[in-house]
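First comes the structure, then the notes that go with it.
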Amino acid sequence: MALIIPCRPVGIPPSQCPMIVVIDLLGATLMDMVNMGLVSEDKVDSFNFPRYHPTPEELRSLIDRNGCFSIEKMEPLVCNRGPVNESTNQNHILHLRAIWEGLIKGHFGSEIIDELFDRCKKKLLESPIFSQSNKNQEMFVLLKRRVA
């Protein structure tokens, strides 16, 4: 089984992991929409989006502890995103929307989706998070199922 898993480099706290910061921006966007009367605060409060990006060492430990797979190959993927501009920001939002839209739509309904991601795109463009590429890492992991 081949996987690409978001990780964070050793020494970077989860609060500085770019994808966690993006989730925080999404939460801030939802709260803006609450303040505008577009979304119920109760809906936002009950929305759970658990996310954790392990370090490569933590990932290796989790796979080993599970015991169902052996790691055949595990290596970081180099991902130089370059400066954030209108075009790259649009790509980030399309990527995030592809991943999260179903979860968000299931909780909030489809009515808010376009506006939520449009507003989040503006917040993302103002954020310096993707310019700090040393804090973002993905791991390629090739696993082999252990025969019991």
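So for the sequence shown, my numbering puts the first residue at 1061; every next one is plus one.
Ideal placement from N, C-alpha and C gives every residue a C-beta, glycine not left out.
- Shown here, I1164 sits in a helix according to DSSP, grouped into three states.
- Taking C-beta atoms as the reference points, F1168 and I1064 fail to come closer than 7 Å.
- Note on geometry: alpha-carbon atoms of Y1112 and D1084 lie some 13 Å from one another.
- Around the Cβ of I1159, a 10 Å sphere holds fewer than 16 other Cβ atoms; the residue is exposed.
- Within a 10 Å sphere around the beta-carbon of C1128 sit fewer than 16 other beta-carbons, which makes this residue exposed.
- A distance below 7 Å between beta-carbons, with the five flanking residues on each side excluded, links L1086 to the following residues of its chain, in chain order: C1180.
- Between E1117 and K1204, the CB-CB gap reaches or exceeds 7 Å.
- By the neighbour-count criterion, in which 16 or more other beta carbons inside 10 Å mark a residue as buried, V1070 falls on the exposed side.
- Counting along the chain, the unbroken beta strand (DSSP E) around M1134 starts and ends at F1129 to L1137.
- The three-state reading of DSSP puts R1120 in helix, counting H, G and I together.
- Taking L1119 as the centre and dropping the five residues before and after it, the same chain places the C-beta of I1065, C1067, M1134, M1199 and V1201 closer than 8 Å to its C-beta, in chain order.
- For M1091, the enclosing alpha helix (DSSP H) stretches over residues P1078 to N1095.
- For I1064, the uninterrupted beta strand (DSSP E) run begins and ends at A1062 to C1067, by DSSP.
- Per DSSP, the continuous beta strand (DSSP E) segment holding V1201 begins and ends at Q1197 to R1205.
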